[in-house]
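FYI, in my numbering the residues of the sequence shown are -7 to 593.
Worksheet: the structure to be examined is printed underneath.
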Amino acid sequence: MKHAENLLYEVEAARPSKGERTVAIGPVYRNIAAKDAYPTLDGVKTLYELFTRSAKRYAKNPCLGSRPQVDGVAGPFEFITYEETAELVAAIGSAFAAVGVTSHQKCSIYGGNCAEWMIAMQACNRQSVYCVPLYDSLGENAVEFIINHSESSIVFVSHDKLDTLLKALPAAHKGLTTLVYWGTRDETLPDAEKAAEAAGVKAYSWEQFLGLGKASPAQAVPPKPEDLCTIMYTSGTTGDPKGVMISHSAVVAEVAGLHAFLKQISYGNSITERDVVLSYLPLAHIFDRSTEEMFLSVGARIGYYQGDVKKLVDDIAALKPTLFIGVPRVFDRIYASAMAKIEEKGGLAAKLFKWGYSRKSARLKRNIPADRATPFFDKLVFSKVKARLGGRVKLIVSGGAPLASHVEEFLKVTMCAPVVQGYGLTETCAGSFISVPDLSEMAGTVGPPLPCTAFRLEAVPEMNYDPGEYIAVEKIEAVYKKNPLVEQIWVYGNSFENILVAVVVPAESALTSWAVDAGISGDFVTVTKDPRANTYVWTELNRTAKEAKLKGFEMVRKIHLDAEQFTVEKNLITPTFKLKRPQLLQYYKAQVDSMYGKKQQ
-7 MKHAENLLYE VEAARPSKGE RTVAIGPVYR NIAAKDAYPT LDGVKTLYEL FTRSAKRYAK
53 NPCLGSRPQV DGVAGPFEFI TYEETAELVA AIGSAFAAVG VTSHQKCSIY GGNCAEWMIA
113 MQACNRQSVY CVPLYDSLGE NAVEFIINHS ESSIVFVSHD KLDTLLKALP AAHKGLTTLV
173 YWGTRDETLP DAEKAAEAAG VKAYSWEQFL GLGKASPAQA VPPKPEDLCT IMYTSGTTGD
233 PKGVMISHSA VVAEVAGLHA FLKQISYGNS ITERDVVLSY LPLAHIFDRS TEEMFLSVGA
293 RIGYYQGDVK KLVDDIAALK PTLFIGVPRV FDRIYASAMA KIEEKGGLAA KLFKWGYSRK
353 SARLKRNIPA DRATPFFDKL VFSKVKARLG GRVKLIVSGG APLASHVEEF LKVTMCAPVV
413 QGYGLTETCA GSFISVPDLS EMAGTVGPPL PCTAFRLEAV PEMNYDPGEY IAVEKIEAVY
473 KKNPLVEQIW VYGNSFENIL VAVVVPAESA LTSWAVDAGI SGDFVTVTKD PRANTYVWTE
533 LNRTAKEAKL KGFEMVRKIH LDAEQFTVEK NLITPTFKLK RPQLLQYYKA QVDSMYGKKQ
593 Q
């Protein structure tokens, strides 16, 4: 196992180019594996080539899996093979040609993750059509904006999002000619088809569109490496969504970089055709998209969740994934749920867990590999926690936002698998940096760059930013989220004030339980409005801050309690659960102003 500093290679000392403002910048670095050349994917240069090669090489392997439902109850996962998937991709691609959608036009896809989503996307690759993903949580205005801004010619939509799409169609540009919907057909769809056609858009069911393509087979129109595969719109954290133009070569480089990095850190055999991943993070986000392309590249399996996050645990148990990717919000919930169950058991079981936890944590900090740190406790205690992710996970990856240190430690100790954090942008195809497992100095970091990434640090004088000196509020929020009273928290600091304030969404069960003991009656909303609840939560947060040794200026001095969570629908978080800070400030402006009106002692 190599130490992180030995994975870096200084390419050159960075200097401002002609006309570039003179600022303090560091040297350019890249991964040592790219010292002589960037890794490649065995001659594959486009995503069309990637999937076509796998469809031939792994023809009979299970490829895409779903859980059929009978009377609302999901059964076991059922998979179609790579060969069968390729046939469906060819049929949908041929249907593109049949309705007049040609290369370099755009295709929007709107709906939750499912096999149809992936098949439509691969059909886009086959015909050199640019895929334009739409988050399934987007509302009418955003859908209308993206379809028009991207100039999409055709749109695929899940049945449950059809009503939202239909409301956007009258304002859609005239170039949008075709709509294809998938999902359960019911009596409302004939009216939906009429509504689409009234807006000048021809509507097809998924089965009808497949039939159209099978009746009129068309040759593939292979893309070039420099061609776009996707125009991926960011979630609009600071305004209207912005379309990021991603080429085939960029995503292929990402997949090649991921494989090279896994091999570099001695996990070269961790992703093979025998592996399986659960697809539940939005396919409209580059994090999940890159992961699924990596799995397709080796003939592995992709199982799609039911579409309901409340049933995620059931889907995990049914699929038993070997790789689990997630965002901090997901892992926060896993941590909170597991710790609550341990506290509930109490007695000998709780003592045994805490003993094993302390022992393993200490050994991990000495860089003893996770699988050799405490085999006894892994089998006796932690295997039961690992079972929450299906019991077969051998690599856990967190991205999208910083993972709280206590949650990261919890996962490393209890999941009996390497846990890594990554960082990247939509523009860089998600994974630009990934931490090295089994190295204690990697805790709380995103590690070195992937072998297909180069980077440098640059100062921003107008923001008083000099690399190392800036402390993000995410760090402070992560500390407070460790408190079991906190469901969600947004920390804010006005540069003209000398204290931090916060909006806290309390954990309902924890606060209402305290309220009963405190003699406060009423429902959860009523309790959050009670000044005594505010004082109690702030006192507990203050205790957590002191335990974490936050500096005085890092501690929140006043809070506002809200019973309603930050949601995508309220435009306060992104679909990947990142806080939309400008929107939160606007939404809670009155409460923030009130908190700054009087400091809490």
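For every residue, glycine included, the Cβ atom is placed at its ideal position computed from N, Cα and C.
Bear in mind that the values here come from a model prediction, so they are computed numbers and not experimental data.
First and last residue of the uninterrupted alpha helix (DSSP H) at residue i
i: A555; result: Segment: none, A555 is in no alpha helix (DSSP H) and carries neither H nor E.
i: M434; result: From DSSP, M434 is part of no alpha helix (DSSP H); its letter is neither H nor E.
i: F374; result: Counting along the chain, F374 falls outside any alpha helix (DSSP H), and DSSP gives it neither H nor E.
i: K337; result: 320 to 337
i: L116; result: Contrary to the premise, residue 116 reads as Cys rather than Leu in this sequence. Element bounds for C116: 107 to 118.
i: F88; result: 74 to 90
i: Y472; result: 465 to 472
i: V301; result: Looking at the DSSP string, V301 is not in any alpha helix (DSSP H), and its letter there is neither H nor E.
i: I278; result: 278 to 289
i: R535; result: 523 to 539
i: G131; result: Note, G131: premise wrong, no alpha helix (DSSP H); not H, not E.
DSSP bridge partner residues for residue i (one or two, in chain order)
i: W174; result: S150
i: Y272; result: BP columns for Y272 are empty, so no partner.
i: C421; result: Per DSSP, none; premise fails for C421.
i: W482; result: V495
i: L315; result: V269, L387
i: F447; result: Y21
i: C123; result: C99, T222
i: S144; result: K98
Inter-residue spacing [alpha-carbon to alpha-carbon] between residue i and residue j
i: K581; j: L542; result: 26 Å
i: E461; j: A87; result: Because the pLDDT at E461 is just 43, under 50, the model does not fix this residue reliably, and the value given afterwards should be weighed accordingly. Those two C-alpha atoms are separated by around 55 Å.
i: I551; j: Y327; result: 24 Å
i: E189; j: E199; result: 18 Å
i: Y588; j: A451; result: 31 Å
i: I463; j: S282; result: Reliability of the predicted coordinates at I463 is poor, the pLDDT of 49 falling under 50, and the value obtained from them is presented with this limitation in mind. Roughly 30 Å between the two C-alpha positions.
i: S329; j: G175; result: 33 Å
i: P215; j: A115; result: 12 Å
i: N486; j: A494; result: 11 Å
i: S586; j: M286; result: 50 Å
i: G339; j: G35; result: 59 Å
i: E466; j: P394; result: 7 Å
i: E136; j: A163; result: 7 Å
i: S142; j: I223; result: 8 Å
i: V269; j: A107; result: 13 Å
i: A422; j: V548; result: 32 Å
i: H96; j: S120; result: 6 Å
i: A555; j: V517; result: 5 Å
i: F273; j: N526; result: The sequence given here has Leu at residue 273, not Phe. Roughly 34 Å between the two C-alpha positions.
i: T156; j: L171; result: 13 Å
i: P233; j: L130; result: 11 Å
i: A499; j: S375; result: 27 Å
i: A379; j: I278; result: 28 Å
i: E539; j: P217; result: 53 Å
i: L288; j: D183; result: 38 Å
i: R573; j: A242; result: 30 Å
i: F360; j: Y349; result: The residue you asked about is not Phe; residue 360 is Ile in the sequence shown. Rounded to whole angstroms, I360 to Y349 spans 14 Å at the Cα level.
Whether residue i touches residue j by CB criterion (7 Å)
i: T77; j: H240; result: no
i: G85; j: F69; result: no
i: G439; j: V428; result: yes
i: E265; j: N133; result: no
i: K474; j: H398; result: yes
i: A502; j: L477; result: yes
i: L442; j: G249; result: yes
i: V236; j: E419; result: yes
i: K404; j: L356; result: yes
i: I139; j: S197; result: no
i: G382; j: I334; result: no
i: D267; j: A292; result: yes
i: R384; j: T366; result: no
i: C123; j: M110; result: no
Rounded Cβ spacing between residue i and residue j (contact assumed at less than 8 Å)
i: Y296; j: L304; result: Incorrect: roughly 12 Å between the Cβ atoms, too far for contact.
i: K660; j: Y102; result: Lying before the first or after the last residue shown, residue 660 is absent from the chain, which here runs from -7 to 593.
i: A51; j: Y74; result: 6 Å
i: N105; j: C221; result: No, N105 and C221 are not in contact; Cβ-Cβ is about 18 Å, not under 8 Å.
i: F558; j: L577; result: Not confirmed; about 12 Å, so no contact.
i: V411; j: I388; result: 5 Å
Span of the beta strand (DSSP E) around residue i
i: P498; result: 492 to 498
i: S239; result: 235 to 239
i: L161; result: L161 -> no beta strand (DSSP E), and no H or E assigned at all.
i: S197; result: 194 to 197
i: P642; result: With the chain running from -7 to 593 in the structure shown, residue 642 is simply not present.
i: G295; result: 293 to 296
i: G614; result: For residue 614 there is no data in the structure shown, the boundaries of the chain being -7 and 593.
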